[in-house]
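> Chains as they are written, first to last, in this note's numbering: chain X, 12 to 513; chain V, 12 to 513; chain W, 12 to 513; chain R, 12 to 513.
Just dropping this structure here.
There are 4 protein chains.
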Amino acid sequence: MCGIIGISNHRNAAQLAYTGLFALQHRGQEAAGLVTVHQGKLKIHVGMGLVSQVFKPDAFQHLPGRSAIGHVRYATTGESSVKNAQPLLFTQSRGSLAIAHNGNLTNAQELKQKLEKRGAMFQSSTDSEVIVHLIARNTRPLEDAIIESLRQVEGAYSLLFLSSQKMIAVRDPHGFRPLVLGRLNGSYVVASETCALDLIKSKFVREIEPGEMVIIEGGYLKSLKPFAEIPKAHCIFEYVYFARPDSKLFGTNVHQVRRELGRELAREMIPPPGGSVRTINSQAPLGASLGGGMKGIKADLVVPVPDSGVPAALGFSQESGIMFEMGFIRSHYTGRTFIQPLQSLRDMGVELKLSALKEVLQGKRIILVDDSIVRGTTSRKIIRMLRRIKVKEIHMAISSPPIVSPCYYGIDTPQESELIAANHSIDKIRHYLGVDSLHYLSLKGLLRAASAGREMGFCTACFTREYPTRVSPVLKEPGSFMTDDPKGEIKAIFSKKVAATF
Amino acid sequence: MCGIIGISNHRNAAQLAYTGLFALQHRGQEAAGLVTVHQGKLKIHVGMGLVSQVFKPDAFQHLPGRSAIGHVRYATTGESSVKNAQPLLFTQSRGSLAIAHNGNLTNAQELKQKLEKRGAMFQSSTDSEVIVHLIARNTRPLEDAIIESLRQVEGAYSLLFLSSQKMIAVRDPHGFRPLVLGRLNGSYVVASETCALDLIKSKFVREIEPGEMVIIEGGYLKSLKPFAEIPKAHCIFEYVYFARPDSKLFGTNVHQVRRELGRELAREMIPPPGGSVRTINSQAPLGASLGGGMKGIKADLVVPVPDSGVPAALGFSQESGIMFEMGFIRSHYTGRTFIQPLQSLRDMGVELKLSALKEVLQGKRIILVDDSIVRGTTSRKIIRMLRRIKVKEIHMAISSPPIVSPCYYGIDTPQESELIAANHSIDKIRHYLGVDSLHYLSLKGLLRAASAGREMGFCTACFTREYPTRVSPVLKEPGSFMTDDPKGEIKAIFSKKVAATF
Amino acid sequence: MCGIIGISNHRNAAQLAYTGLFALQHRGQEAAGLVTVHQGKLKIHVGMGLVSQVFKPDAFQHLPGRSAIGHVRYATTGESSVKNAQPLLFTQSRGSLAIAHNGNLTNAQELKQKLEKRGAMFQSSTDSEVIVHLIARNTRPLEDAIIESLRQVEGAYSLLFLSSQKMIAVRDPHGFRPLVLGRLNGSYVVASETCALDLIKSKFVREIEPGEMVIIEGGYLKSLKPFAEIPKAHCIFEYVYFARPDSKLFGTNVHQVRRELGRELAREMIPPPGGSVRTINSQAPLGASLGGGMKGIKADLVVPVPDSGVPAALGFSQESGIMFEMGFIRSHYTGRTFIQPLQSLRDMGVELKLSALKEVLQGKRIILVDDSIVRGTTSRKIIRMLRRIKVKEIHMAISSPPIVSPCYYGIDTPQESELIAANHSIDKIRHYLGVDSLHYLSLKGLLRAASAGREMGFCTACFTREYPTRVSPVLKEPGSFMTDDPKGEIKAIFSKKVAATF
Amino acid sequence: MCGIIGISNHRNAAQLAYTGLFALQHRGQEAAGLVTVHQGKLKIHVGMGLVSQVFKPDAFQHLPGRSAIGHVRYATTGESSVKNAQPLLFTQSRGSLAIAHNGNLTNAQELKQKLEKRGAMFQSSTDSEVIVHLIARNTRPLEDAIIESLRQVEGAYSLLFLSSQKMIAVRDPHGFRPLVLGRLNGSYVVASETCALDLIKSKFVREIEPGEMVIIEGGYLKSLKPFAEIPKAHCIFEYVYFARPDSKLFGTNVHQVRRELGRELAREMIPPPGGSVRTINSQAPLGASLGGGMKGIKADLVVPVPDSGVPAALGFSQESGIMFEMGFIRSHYTGRTFIQPLQSLRDMGVELKLSALKEVLQGKRIILVDDSIVRGTTSRKIIRMLRRIKVKEIHMAISSPPIVSPCYYGIDTPQESELIAANHSIDKIRHYLGVDSLHYLSLKGLLRAASAGREMGFCTACFTREYPTRVSPVLKEPGSFMTDDPKGEIKAIFSKKVAATF
């Protein structure tokens, strides 16, 4: 989970990139950074924490230049350390090179071992650094070296490179992660999502295509397609949860897709007059399924788990005609950076963030809508909260199928052993959560809503275990990738607390 | 705007009070503090910033004891300085005394001058300190001294005192600010709102009544009514905006009152079949009024300004049958403590916090619902944002009457000269905001929804200029109260940045 | 132990006062502060820590004005808290008033109790605040109110007041603590020591006389002598240890007095040809005395304990002809503000600060010179260090008499029970320290060197138990003064660590 | 200028190494760090600032293990950045490796370019990293790889390596920088200076010999001499200024050498009865020389510039019979970490640190003794200070020859263009400084005192321009080494101010 942005040829490159990172903050809250190029030299500023914590007013005087790339990070590989904060910046014989990466490589470990045997030393514990070592050892010109290096890597990558001469954007041939191109007068902008283009008031031009490489230099843009064409595999979980609702993603607005997921779910759950509950059945090997029975559900309210469940709940309410209600208050004072000093409150967890409206929900039969269930622990706490205030019936409706396997392409899902739906029947989950009935959207329903009538290639591996690429066995091991990297240990001093004072 | 909490006779008094403050954070984000009593001595910990910033894990080891009072502050009088953070703690000849105050005194300045002439020296620039000086100069026992002192002050006060012996709660005879009593096994809890009782899982017992004084000592509670009975004047703005939606206030749940305000507004705006638009007319001496004409409004969506407009928009949608839609995304990464380093982004302001969903709103006719308009500047920015994405028609619906005069009882409204509705006609405001029509709820409608069929006494001074107490002319002067207090100058060093490291 | 400075009528008043405080840092390292007056308002900046820690570059923009008073504090009364950092600033009916105090009042507790009974509330736990409360309750003009108030207090005070109109300096009639007047072009400077005048390149004019009150206003200076004349009691310990060697104090340079103390000590210890060891005998009623026998001492080197023993050791060497040697290296990296993270190193203590030169001292017979012995613990550690490197003989020579009683006039000596010489014979001390012989300068010798031929009145209470004033029994109690003041508890949050970030 | 320490096989390895670094603080105040090995993994903690600032109490819980190496750094090559703080820690195919380096390589730039052409990427801008890249590309076992790598580098290096298995110490064949071996019960200690051994109470065993490699593993020590024998070149400036006076260096105590330098200087300056001023003459091609004439100098006092001039001044006084006097007070409150907020005080510079004793020096003829003159700016300020207080005659005596060329072996001398004696005659310097006469010790005198009768090989390049190794022309360029390294730019965020909060 990361977000990237690049600005080429603008006199406030760093400021614009910073503003764009602000809009991409939901893609990564652990670290942030910017690299600019000024008079042929690359300048870097990175730190742990939110964009607003990493960049203090005086940061920008150290970041002059007309081009910039930026990154927000939530660790997928590597440990939490400022050494892993991106953009990464390297000196090579051909000069300096910065890289910002969204995605995850699936053969990084093998490549890393090969490189180390040939004397390479790694300075971060990120998979992204593998790409730069491959480039460093390639003696051909930069663009060719990048192409030849990327031909060796497998997995998901939306990449931005910045050298003293040019900015280069590449998206992997599967197109796992989004990457869009924008225009701001004479400047080019590349970003993970369109919401970043909007905030800096630049115009959306088009997506960078899967397998496309875009080189921007001196105000000109050159596009290459250097990789063999393969089926697309857009991450469908970006639609379900990850992307920002106001972004236009893979051609459609995210909020609208989510609302449609809610409508689809309502249609699946509520039999049309004279019909039967459609895809909701527990025989389905994966996905849509029902704990308890559906027939005869009568509900008073559709209530979303804020904020992620709101669009689907709206769609569900609109389709079903059941009244929508905001049954929870979400506190704005419990951010990620807040470390609770009291154990008693750490145990509370979600209670500090959400409070249920007793007077509104008491005695009611509700459809509780959320986008997905990962471990089930948070959902369970929310449901207990509802039980305490005497909600009469709780029917949980999830606007995506059960998550049964981890993502190796950049979403920070836990290992299979921690995924509740990978290990338990729908009925067991229903019991664990303590709801009267539990409903998941079917895969078919998900794909229908996500495709919106178009011919689309999606990666649905987290719901289906069907990975679009080879998956190295090492990835499946607990701890994965480079956790034995001693440099990761540096984290002790570059803790969040320190970075917060940058 | 402040919140207070007291815990008597619990072994984790400080931790519970801290947790309660967390639930009261919306009542004040500028400073926070706790005082406990341990072995006859009072311990204090105060600081600038959010509760989570002021209290770090090691704070509680300095706060032992079985009783505690706490406070969150948003400055109404006095400057922003740690010297003004409450609880205030004083040594007097009868021992130590701490005070936590929600409200605002209207004759503090006169009393202060009198006291200074008699040799008193003030250590804060808050009106609350006046009370303590009066008590210090009263030689009678503490309870009597408090009563005699409070008989001299005018205005709004929900107060908590903590001495080495007892905890005392008092609410002014008008009952401006809320104050509730709760029970947690053998302990008593007093708090500004019931949401604080809920979070610490204590039971709501009843409101502390207007004019009531409650003394809690050694596990026993004593109630006195030492003041002459006068008409009640509950702050109606607590219902409109200030209190937390999940609190039960003056006998009713806040979210439900707000939803009812939306319903009422819909009824006022949309003529019943064959009827006419009811209270929406510009002849009304105050409040409900319409810029543009109402007849024939046809709207596609009811859209709240998040989060304050959500409950009223839900009610409006339910009453009118017009579809509810979340047309804005609210960022969770722009807190109060975030100081934007770039001027360009400071200018953005609300754009960083809210983004409008273009695909959802474009080409639509919307009812934009908010709870109130103060200066009008934020509303205007939001409306411009909507215009940029080509919303077809914007009809703004405000779930309270126009604010025409400042609050002297503890809500931090600006002076009259800055209140847009105090100085401009509804039609002028409509032009300024750039909406197609503008509608305020009528005072009658407001009172109907707030009273919920009961006989209630409300302070509606901000909508009507009718103040329930004498208002000293000095209060109307810009800067008010004690701004010439040199001690206020200490703020230079106790800036927010410093306090964040406490 | 404190230092004060005042600047009147200079456009860089705060900067000069700050610079002066820098030179007075040895008088107090716990807290520092400045108050300026600008356009009739008083501005304050105080914090815990060294002058260089409390004042960061942006502090001065909040301290405009042509007059300033400053203070460095090492707690004598009151606890360690930013509430006690001076100058103290108060609002009274006659306007704002700041006070900076060096010294200690001996009847503060009685006065405080009286004031509290009359309704006064104290905001610090310093004795200095008593003076301001007395002034606040006096309705006469400021100068008269100060005089009448000071007539009620007993003890030691060198004071600076700053009001919106004038700067006032007062020295108590005994003249315990120093206070000097300087001139810098058209400006007046008042400071604890001449070294502060030197650093800001102002000219020494004269001492403020004991019992004198100097009012500086509008560039003019007025001198009053409002107190009855009484015998002088200059603190002789300022000469022995406390004042800075480059200051001119009570008319003589401190380094020269200290060198003379060493010469005097040499004369006492080493019999003139044909004579006998003079004052070194244990029959002396106080002070000078010898553990072991003196006759026949033959020493190779005179070695000072750095830095306090250096001047006396130089004098001793010059008088005795025994070679002076720097036998210790003093580390410059162990300041007061350094909190050792390892217990093992905290135990080391003096070893981190001093290291003995083995090659220089091994096998030698040395005269080890220090200025005084308080508890004896540090001396003992130093001597053990010397024993470890096989110094052959150690003859300890102290350039003052044994300290037998605490100071109540502003020097932070411990209670009598902790003073080694108050409780043990010279011979016992010699055994405890582990030296071959131990020699103190006689009181007569001390007075001879300090007087330098002049008629001088000194306070020698710490050596003689003869206090120049009445001493309230409460002062002799452990913990003294105001330690039950709950406001002192505020220290928990204003810890040194916090202040370091000011 | 750096200091290193290693502890092998002790249960408090990190704590001991930390304590040792404390004693080595004078060798580097810019950054500090420790690496330990625990259960086969290397743990690191580094930061900018003093040892006491970098290591806070909780640092040690992250540094378990029985072996540790530590480093204090004052930048010689590379920029000031936490990336350059040592020990450096790397992952290689053979596992993790940490390095701590005192010294400077003279062919680092050439080696770096070669390595980068072969795909190496550097993570710091230190010369030390070159060594590790060479080792990483060597496929032989670690010890052999180190030997073969070091055979390729030229210059000065006292090195400590730490792998998961062993600690390795190496000293270059010239023996430029010191390195000593100690014993603490069953543990081995390696350190830059014996003062570190003393502080942790370990026994000095012997020097690590020039060209020696010591491998410590499992409690056993193995010594190799893998390099061809070449003439020794001990840095003579360690004796003159750099090492701590209480260390035993190259076989002799430093304080004693310095005192002897003063004696030698006195002998050179003061003609023996009937003789002539010996080596003090301006015809000498380098070094000892005299501005003004010597004959007839009559001085009242020998006064050192504290602290560096003290030992030589003592020796001078003892040899000449002229009275020694501490003519300056050195403030203990002006550390390196103190950034003066006022420009006016930054201009003061040395005045804040030193104050001259007017009463002691006024009207006197003094010999002012210092160890060396680099740029001359500080000496000039000191002399002006003396002139202001009317010192009658100032004869400056420097206990080493004129510094005429930079050090490329690890002492941070400025470029030749900034060395006053490289560009000006002794007489010109005398005028610039404003002294009555100026005297440098002759090279012959320096060598005589430093050798103390032994056969010793010294590097005297800074006094003679005779470098013991080839000196790459690139070293002589301003800015030197790797300043175009973009990673150096990271310094913007890791500024001193930040690091102070580590």
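Heads up, the beta-carbon is just placed ideally off N, CA and C, and yes, glycines get one too.
Hey, out of SER342/V, ARG376/V and ILE378/V, whose CA is closest to LEU363/V's CA?
Among SER342/V, ARG376/V and ILE378/V, the Cα nearest to that of LEU363/V is on SER342/V.
> What residues of chain X sit near MET467/V, judged by a beta carbon separation below 8 Å?
Per Cβ cutoff of 8 Å: no residues; MET467/V is ~17 Å from chain X at best.
> Once the 5 residues before and after HIS21/X are set aside, which same chain residues still bring their CB inside 7 Å of it?
Excluding residues within five positions, the ones whose Cβ falls inside 7 Å are LEU27, ARG77, LEU195 and SER198.
> Using a Cβ-Cβ cut-off of 6 Å (strictly less than) and excluding sequence neighbours within five positions of PHE469/W, which residues of its own chain qualify?
Once the five neighbours on either side are set aside, the close Cβ partners of PHE469/W are HIS245 and ILE247.
> Distance, Cα to Cα, SER135/W vs ALA310/W?
Spanning the two alpha carbons is a distance of roughly 53 Å.
> Compare the Cα-Cα distances from ARG514/W to each of ILE440/W, GLY130/W, LEU235/W and ALA432/W and report the closest residue.
This structure cannot speak to residue 514/W, because chain W is shown only from 12 to 513.
> How do the stretch 140-149 of chain W and the stretch 100-110 of chain W stand: do at least 3 beta-carbon pairs fall below 8 Å, yes or no?
Judged by Cβ distances under 8 Å, the stretch 140-149 of chain W makes contact with the stretch 100-110 of chain W, as three or more pairs qualify.
> With H, G and I counted as helix, E and B as strand and the rest as coil, what does DSSP make of THR471/W?
Coil.
> Determine the direct distance from the alpha carbon of GLN176/V to that of ASN115/W, and round the result to whole angstroms.
One C-alpha to the other measures close to 33 Å.
> Here's a check: name, in chain order, each residue in its chain whose Cβ is nearer than 6 Å to the Cβ of LEU108/X, leaving out the five neighbours to either side.
The answer, listed in chain order, is PHE101 and SER174.
> Would you say CYS206/W reaches chain R, if we count a Cβ-Cβ gap shorter than 8 Å as a contact?
Cβ-Cβ to chain R under 8 Å: yes for CYS206/W.
> Looking at chain V, is there any beta carbon in it that lies within less than 8 Å of the beta carbon of GLY14/X?
False, the Cβ-Cβ gap to chain V never drops below 8 Å.
> Do we get a CB-CB distance below 8 Å when we pair MET132/X with the residues of chain R?
MET132/X counts as touching chain R.
> Can you confirm whether THR102/W, when its beta carbon is compared against all beta carbons of chain V, has any partner nearer than 8 Å?
Interface residue, yes.
> What's the call for PRO152/R, buried or exposed, on a 16-neighbour Cβ count within 10 Å?
Answer is exposed; the Cβ neighbour count stays below 16.
> Specify, as a first and last residue, the run of the beta strand (DSSP E) that THR102/R falls within.
Counting along the chain, the beta strand (DSSP E) containing THR102/R begins and ends at 99-103.
> Using a beta-carbon distance cut-off of less than 9 Å, what residues from the stretch 105-125 of chain W approach chain R?
The residues in question: there are none.
> What residue range does the beta strand (DSSP E) around GLU228/V cover?
Taken as a continuous stretch (DSSP letters only), the beta strand (DSSP E) holding GLU228/V covers 224-228.
> Mind listing the chain W neighbours of ARG255/R? Cutoff is C-beta to C-beta under 7 Å, in chain order.
Under the 7 Å cutoff, chain W gives ILE340.
> Do we get a CB-CB distance below 8 Å when we pair ILE138/W with the residues of chain R?
Sequence check: residue 138/W is Asp here, not Ile. It does not; no Cβ of chain R falls within 8 Å.
> Between GLN329/V and chain X, is any beta-carbon pair separated by less than 8 Å?
Closer than 8 Å to some Cβ of chain X, the Cβ of GLN329/V qualifies, so yes.
> Determine the contact status of MET467/R and PHE261/R, defining contact as a CB-CB distance below 8 Å.
Going by C-beta atoms, MET467/R is nearer than 8 Å to PHE261/R.
> Within 8 Å of any Cβ in chain X, is that where the Cβ of ALA128/R sits?
According to the sequence provided, residue 128/R is Lys. The question's Ala does not apply to it. Chain X contact via Cβ: present.
> Can you tell me whether PRO425/V is buried or exposed? The criterion is at least 16 other CB atoms within 10 Å of its CB, across all chains shown.
The residue is exposed, with fewer than 16 neighbouring Cβ atoms inside 10 Å.
> Which one or two residues does DSSP pair with ILE340/W in a beta bridge?
Paired residues: SER366/W.
> Between the stretch 364-377 of chain V and the stretch 400-410 of chain V, can you find at least three pairs of beta-carbon atoms closer than 8 Å?
Cβ pair count under 8 Å is three or more, so yes.
> So GLU275/W contacts chain R; which residues on that side make the cut at Cβ distance below 9 Å?
Those within 9 Å of GLU275/W in chain R number zero; the least Cβ separation is about 17 Å.
> In chain order, what residues of the same chain lie with their CB nearer than 8 Å to the CB of LYS392/V, ignoring the 5 residues before and after it?
Counting only Cβ-Cβ distances below 8 Å, and skipping sequence neighbours, we find GLY360, VAL361 and GLU362.
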